[in-house]
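Position in the sequence shown counted from 1, then plus 1, gives you the working numbering. Below you'll find the structure, written out as structure tokens, and then a few comments.
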Amino acid sequence: MGNVPSIKKNFKKKARESATTSPSYRVAILGLHNAGKTTLVKRLKMGFGDGLSEGEVDQCRRTMYRNVLEGLPLLLSFLSEKDVQCEDRDVETTIRRFLGSTDLDDEALSIPSHIGLAIDHLCNEPSVSRAIEQNRHEIPVSPSVKWFINQILRITSTSYTMTEKDTLRVYEPTVGVPTTHLYSEKYILEVIEVEDSDEVRNSHISGFGPLILFVVALDEYDKKVDEKNRMHEAISLFEGIVNAERPKKTTVILLLNKFDLFKEKVEAGIPLSNCFPAYTSGTDVSKACKHIIQQFVSRNRNELTVFTHVMQLHNSSHALSLARMAA
Ligand SMILES: Nc1nc2c(ncn2[C@@H]2O[C@H](COP(=O)(O)OP(=O)(O)OP(=O)(O)O)[C@@H](O)[C@H]2O)c(=O)[nH]1
Ligand SMILES: [Mg+2]
């Protein structure tokens, strides 16, 4: 890594114009769904590129509303399973009616202020907010959607302008291998995000280049999909990638993301030992993190150079130190 020129903060337009003859370095970003790959690309664009385009921000705004409208029915079902009701029944009826009449694929998708008010009213009703707080790790709604719901009055206000923070919270599963170019005066970074599917990974494996960023959602150690533990799945994907036939000079940066959510879960007493029975250090976040790192790096039988970095992509200083490291 040290022999790649150090990254300049000003990956700006001027650099792009003079970069047509610069060498290009490819960086492949891999990992399971929801690990944070797209958020990392957004961060890189914000920190070292021109930021998100107007069109991208518009797309993020629609997706943010869709994320909220897809999360609300899950929240409402969860509350009704727990037998928790809003005292003002009209509020829930208003929300349900809006959900029933809204086309999530509408190009002009939005949430009007009066629906924002109703959602805010529902979530702040004492019995509802107590149930949300007490069951925060069980509610089947992503932390980003919970965050948007907490901010519902702001994001549905008529004067709302999307912030960088908001764009980072939006979730849209990636399809294919979208490519982003970041330009410096001396070189071009060609960043490819690889969709989490064996088919896509296998068909692009020869084009990953000398630097692989492997992103892991640390907080998924207690999560299962199709009966399979997500952390075990991430380790086995990592194992397959580092041990595949590839040039020895390949460098892998293992990015352990979502440290904020991980810390909250470990400290709340959700045991890491359920995922790794040999782990015995309880709620010690630092030891828990080291244990996970060890599980990953011990799979590197190919002796590739593997760096590790713990981060939370919603925190800008974490993301910037990462980008410097990638350089
Ligand atoms: N709390 C928290 N949320 C994060 C962090 N990093 C990413 N997220 C959120 O996690 C969700 C998924 O992030 P993405 O970057 O879209 O994940 P991805 O790996 O690209 O997912 P796919 O495209 O489906 O493969 C988004 O809502 C992000 O805002 C983090 O450090 N902390
Ligand atoms: Mg993605």
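Don't be surprised by glycine CBs; every beta carbon is placed ideally from N, CA and C.
query	result
Is V69 near ligand 1, going by C-beta to nearest heavy atom under 7 Å?	no
If you measure between the beta carbons of I120 and I140, is that distance less than 8 Å?	no
Is the region 161-173 close to the region 61-68, with three or more CB pairs under 8 Å?	yes
For chain B, find out if any of its Cβ atoms is closer than 8 Å to the Cβ of N316; answer yes or no.	Of the chains in the structure shown, none is chain B; there is only one protein chain.
Among Y280, D227, K225 and V69, whose alpha-carbon lies nearest the alpha-carbon of S145?	V69
Is it the case that the region 26-34 contacts the region 199-217, given that we only count it when at least three CB pairs across the two stretches are under 8 Å?	yes
So T162 and P113 are in contact, right, with Cβ under 8 Å, and what is the actual spacing, rounded?	Their Cβ separation, rounded to whole angstroms, is 17 Å, which puts T162 and P113 out of contact at 8 Å.
Name the residue from T180, K187 and L314 whose alpha carbon lies nearest to the alpha carbon of F209.	T180
Count the other C-beta atoms from every protein chain shown that fall within 10 angstroms of the C-beta of A132, then say buried if there are 16 or more, exposed otherwise.	buried
Whose C-beta lies closer than 7 Å to the C-beta of V195 among residues of the same chain, with five residues either side of it excluded?	A29, I30, L31, V178, V201, R202 and H205
Give a yes or no on whether the C-beta atoms belonging to N258 and G37 are separated by under 8 Å.	yes
Could you say which of N35, T40, H34 and K46 lies nearest to E191 if we only look at CA atoms?	K46
Excluding the 5 residues preceding and the 5 following A235 in the sequence, name in chain order all residues of the same chain whose CB lies nearer than 6 Å to its CB.	L33 and V217
What are the boundary residues of the alpha helix (DSSP H) that V243 is part of?	R231 to V243
Nearest by alpha-carbon distance to I150: which of N125, H138 and E165 is it?	N125
Using only the heavy atoms of ligand 1, determine whether one of them is closer than 7 Å to the beta carbon of A119.	no
Indicate the three-state DSSP secondary structure (helix, strand or coil) for G184 in the structure shown.	In the sequence on display, residue 184 carries Tyr and not Gly. Looking at Y184 - three-state DSSP - the assignment turns out to be strand.
Between the region 282-300 and the region 227-241, are three or more C-beta pairs nearer than 8 Å?	yes
DSSP has I25 in a bridge; who is on the other side?	Note that residue 25 is Ser in the sequence shown, not Ile. DSSP lists I189 as partners of S25.
Quick check: the Cα distance between S130 and V176, rounded to an integer number of angstroms?	36 Å
I need the straight-line Cα distance from L53 to P248, nearest angstrom please.	34 Å
With a 10 Å radius around its C-beta and 16 neighbouring C-beta atoms as the bar for buried, classify V226 as buried or exposed.	exposed
My guess is that F277 and V311 are in contact by the Cβ rule of under 8 Å, so how many angstroms apart are they, rounded?	Rounded, the Cβ-Cβ distance is 17 Å, inconsistent with contact.
H138 and K43 - do their beta-carbons sit closer together than 8 Å?	no
Three-state secondary structure (DSSP) at K249?	coil
For K38, verify whether its CB is less than 7 Å away from any heavy atom of ligand 2.	yes
Candidates P211, C61, L256 and P24: which alpha carbon is nearest A109's?	C61
Extract the residue ranges of the alpha helix (DSSP H) inside the region 248-285, only unbroken runs of 4 or more that lie entirely within it.	260-268
Which word fits H115, buried or exposed, when buried means at least 16 other C-beta atoms lie within 10 angstroms of its C-beta?	exposed
Tell me which residues share the same chain as E228 and place their Cβ nearer than 7 Å to its Cβ, disregarding the 5 neighbours each side in the sequence.	none
Quick check: what's the CA-CA separation for L77 versus P127?	15 Å
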